[in-house]
Amino acid sequence: MKKRRTLWIKSGVMAITFIWIFLVCLISQTHAKPNYVQPFNTIVTSTQQQAIEYLENIKTLRSSTFWPNIKPALFLENIKSTVREPMNIYPGSGTNFCGYGALTYLMLQDDPLGYAKLLIQLYKEGKASFGTVNFNPSDAVRKEAGLLKFKGILDIHPAEQMWYLSLAGHFKGYLNFFNRRFDSGDENNFWASVNYAKFNRMVKKLLNYNVNAKGGDIFRPRTGDLYQYISNKMETGRVVLFINNRIVHRKDHVTIKLGVPTHFIVADKITKENGVITLLYWDYGHRTQMELSTAFFKRIVFGITDCTKTDKDVE
Amino acid sequence: MLNRYSLALLLLGTISFIVSCSPKNISTSYYYQNEKVLDKMEETYKKLYQEKPFTVAFTDRKFDNLSLEIITDSISYIYQFNIHETGLADTLTAFKLNASKVVALIQQMRTIRCTWINKFDYYLYDKKNTLIMMSIKPVTLSAPFSYKRFYTLTYFPKPQYFDSSGQLLDKRRAESLRKINGEVFKRINSKVCYTISGNFR
Numbered sequence: 279m280k281k282r283r284t285l286w287i288k289s290g291v292m293a294i295t296f297i298w299i300f301l302v303c304l305i306s307q308t309h310a311k312p313n314y315v316q317p318f319n320t321i322v323t324s325t326q327q328q329a330i331e332y333l334e335n336i337k338t339l340r341s342s343t344f345w346p347n348i349k350p351a352l353f354l355e356n357i358k359s360t361v362r363e364p365m366n367i368y369p370g371s372g373t374n375f376c377g378y379g380a381l382t383y384l385m386l387q388d389d390p391l392g393y394a395k396l397l398i399q400l401y402k403e404g405k406a407s408f409g410t411v412n413f414n415p416s417d418a419v420r421k422e423a424g425l426l427k428f429k430g431i432l433d434i435h436p437a438e439q440m441w442y443l444s445l446a447g448h449f450k451g452y453l454n455f456f457n458r459r460f461d462s463g464d465e466n467n468f469w470a471s472v473n474y475a476k477f478n479r480m481v482k483k484l485l486n487y488n489v490n491a492k493g494g495d496i497f498r499p500r501t502g503d504l505y506q507y508i509s510n511k512m513e514t515g516r517v518v519l520f521i522n523n524r525i526v527h528r529k530d531h532v533t534i535k536l537g538v539p540t541h542f543i544v545a546d547k548i549t550k551e552n553g554v555i556t557l558l559y560w561d562y563g564h565r566t567q568m569e570l571s572t573a574f575f576k577r578i579v580f581g582i583t584d585c586t587k588t589d590k591d592v593e
Numbered sequence: 002m003l004n005r006y007s008l009a010l011l012l013l014g015t016i017s018f019i020v021s022c023s024p025k026n027i028s029t030s031y032y033y034q035n036e037k038v039l040d041k042m043e044e045t046y047k048k049l050y051q052e053k054p055f056t057v058a059f060t061d062r063k064f065d066n067l068s069l070e071i072i073t074d075s076i077s078y079i080y081q082f083n084i085h086e087t088g089l090a091d092t093l094t095a096f097k098l099n100a101s102k103v104v105a106l107i108q109q110m111r112t113i114r115c116t117w118i119n120k121f122d123y124y125l126y127d128k129k130n131t132l133i134m135m136s137i138k139p140v141t142l143s144a145p146f147s148y149k150r151f152y153t154l155t156y157f158p159k160p161q162y163f164d165s166s167g168q169l170l171d172k173r174r175a176e177s178l179r180k181i182n183g184e185v186f187k188r189i190n191s192k193v194c195y196t197i198s199g200n201f202r
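Taken in sequence, the protein lines are chains A and B. Each residue of the first sequence is one higher than the last, beginning at 279 in this note's numbering. Each residue of the second sequence is one higher than the last, beginning at 2 in this note's numbering.
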């Protein structure tokens, strides 16, 4: 009797969870609103030079008791290198940090000084504020930062480890519902996952952009001519695409695959010739160029987030 | 009575077939059966990669289609080819890769059903090391009900640490296992390890 009741409760909870996930997916299907836009590449919140000067003025950095496995010299060197070469940031092989990587790539181009100050404060004080966001990473996260390994060059980038882990610990979406507390190895699983609505929320809260999003975690965006839509958006702002990477970078030979998005990329350039789309994008420490048919492109794109500067940045 | 015996024999035969194809069985012998070919492929790839970085992955079960990634200083280029297309050699030449040697490596990969070959950077005491990874899909790993279908080998540049059951250990935290892409690797010899995985990369 008790067993049967438990089974009923479990089934009920599962059903409610699925309905809830479905509703969240529907809600995350936000639509573009017309707004005033500025050419994105002429306006930034802070400059790279400002960030470099700020970091050069920090002569010594004491080791932080909050981050026991991060060496201060390596930490400072890492922030300097990311500010100088934003393209080289690397969210780690095999991790679920791609969404945080795309966000950081945008942040380093729009507000590198803000990024540098935030990370220095987080390192020194163990917590930090940025706009309305208050980062206060858990003890487990603080202990793990600096110890991630076999993630490629992220192994020796402690500032990036600290940042991605802090972002994953702070921002939560429905994919993180069943795994909200960090345990070792969680950087590779649902604890760190980013759904589309969560990504857009992070961009809105951390960056000085007007964010317009189309698409979702289940349904593809309705844009008419997808190529033309993305192309137009790239003329006025930065565009992040949420794509199904499992059919772009196949990892197995399974022929029938669930069509779900898994990866965030920052679009740099898009062209079309004879029905073939050439997409140049940033992800994982470098730019990649690939050629896709129009049909395949339509199949992989689930979310289009375009970020344009706000009026207040013009000053 | 006879029918019962026949049924029992049939059941036993089926179980034996499935067990004989299990990942556990293949992992112990596959490397040594194909040692020369695998080592030669690793060596060839390492040399070609030094000249110009690239990775190759076969993307279909028939090993007819491949994904070629050519890595330059500024951009990585991803191309999809059918193995019989002339465009493959032309593209390799255009990027100044040694087309004949790369095509020969690709053919070799196809012959032994190697799905992927890649170089992987890892860091020990803040120093960069590289290893070569290759995944193979042996015919016997296509057994029914077997989810883990790929045999992945790692070639380390230096001898590694292992626990008493032959599992790869993390040097920095000697008591913990070293996982690569979330997989635990096992010892073949001091420098070569393997795992059986559901994904080839």
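No residue lacks a Cβ here, since even glycine has one placed at the ideal position from N, Cα and C.
Distance, residue j Cα to residue i Cα
i	j	result
T501(A)	L519(A)	14 Å
I578(A)	S7(B)	52 Å
P369(A)	V411(A)	21 Å
N35(B)	L125(B)	30 Å
N66(B)	F82(B)	6 Å
Y31(B)	T116(B)	15 Å
K429(A)	R5(B)	56 Å
F413(A)	A437(A)	15 Å
N182(B)	T73(B)	24 Å
G498(A)	N200(B)	In the sequence as displayed, the identity of residue 498(A) is Arg instead of Gly. Whole-angstrom Cα-Cα distance: 26 Å.
Y195(B)	K187(B)	5 Å
S68(B)	F59(B)	6 Å
Y562(A)	Y383(A)	10 Å
F575(A)	Y46(B)	32 Å
K371(A)	G447(A)	A small fix is needed here, since residue 371(A) is Ser in this sequence, not Lys. Using only the alpha carbons, I get a separation of about 19 Å.
D388(A)	D530(A)	38 Å
L12(B)	M110(B)	37 Å
E569(A)	D546(A)	14 Å
L354(A)	D61(B)	45 Å
W560(A)	S165(B)	43 Å
I508(A)	L170(B)	47 Å
S407(A)	K180(B)	34 Å
K192(B)	P54(B)	23 Å
N366(A)	T360(A)	7 Å
Residues near residue i in its chain [Cβ-Cβ closer than 7 Å; skip 5 each side]
i	result
S198(B)	K149, F151, T153 and E184
Q607(A)	Nothing can be reported for residue 607(A): it is not among the residues displayed for chain A, which extend from 279 to 593.
R524(A)	K535 and T540
K358(A)	L333
D122(B)	K129 and T131
Residues near residue i in its chain [Cβ-Cβ closer than 8 Å; skip 5 each side]
i	result
F318(A)	In this prediction, F318(A) scores a pLDDT of 49, lower than 50, which makes its location untrustworthy; the coordinate-derived value is nonetheless stated afterwards. If we look at F318(A) and ignore the five residues flanking it on each side, its Cβ neighbours are T514, G515, R516, C585, T586 and K587.
N467(A)	N374 and N457
K427(A)	D433
E52(B)	L98 and N99
Beta-carbon neighbours of residue i, restricted to chain B and to distances below 9 Å
i	result
N466(A)	K180, N182 and G183
Under 7 Å from the C-beta of residue i: neighbouring residues of chain A
i	result
A90(B)	Those within 7 Å of A90(B) in chain A number zero; the least Cβ separation is about 18 Å.
F201(B)	K529 and D530
A95(B)	In chain order: nothing, as chain A lies at least about 14 Å away.
Residues near residue i by beta carbon distance below 6 Å, same chain, minus five either side
i	result
L93(B)	A100 and V103
L445(A)	Y378
N313(A)	Note that N313(A) scores a pLDDT of 37, beneath 50, so its modelled location is shaky; the value from the coordinates is reported in the next line. Answer for N313(A): N488, listed in chain order.
I79(B)	E70
V554(A)	E569
Closer than 8 Å at the beta carbon, the chain B residues around residue i
i	result
G430(A)	F121, D122 and Y123
D461(A)	The contacting residues do not exist; D461(A) stays about 13 Å from chain B at best.
D433(A)	Y123 and Y124
Range covered by the beta strand (DSSP E) that runs through residue i
i	result
G581(A)	V579 to K587
V57(B)	F55 to F59
F151(B)	F151 to Y156
Q168(B)	Segment: none, Q168(B) is in no beta strand (DSSP E) and carries neither H nor E.
S77(B)	I76 to N83
I71(B)	N66 to I72
Y123(B)	C115 to L125
A545(A)	H541 to E551
Q567(A)	H564 to S571
Where residue i meets chain A, residues with beta-carbon distance less than 8 Å
i	result
I76(B)	L558, H564, R565, T566 and Q567
F82(B)	None at all; the shortest Cβ gap to chain A is about 11 Å.
Within chain A, partners of residue i - CB distance below 9 Å
i	result
D171(B)	K427 and F428
D127(B)	K349, L352, D433 and I434
I79(B)	V526, H527, T566, Q567, M568 and E569
Near the ligand GDP: residue i beta-carbon under 8 Å from a heavy atom
i	result
L352(A)	Among the components modelled here there is no ligand, and therefore nothing to report on the ligand GDP.
Residue i - containing alpha helix (DSSP H), residue span
i	result
T112(B)	A100 to T112
Y383(A)	C376 to D388
Contacts of residue i in chain B (Cβ-Cβ under 7 Å)
i	result
G372(A)	N182 and G183
Cβ of residue i within 9 Å of any chain E Cβ
i	result
R524(A)	The chain inventory of the structure shown lacks chain E, comprising the protein chains A and B.
Going residue by residue through the stretch 396–454 of chain A, where are the continuous beta strand (DSSP E) segments of at least 3 residues, counting only ones entirely within it?
406–408 and 411–413
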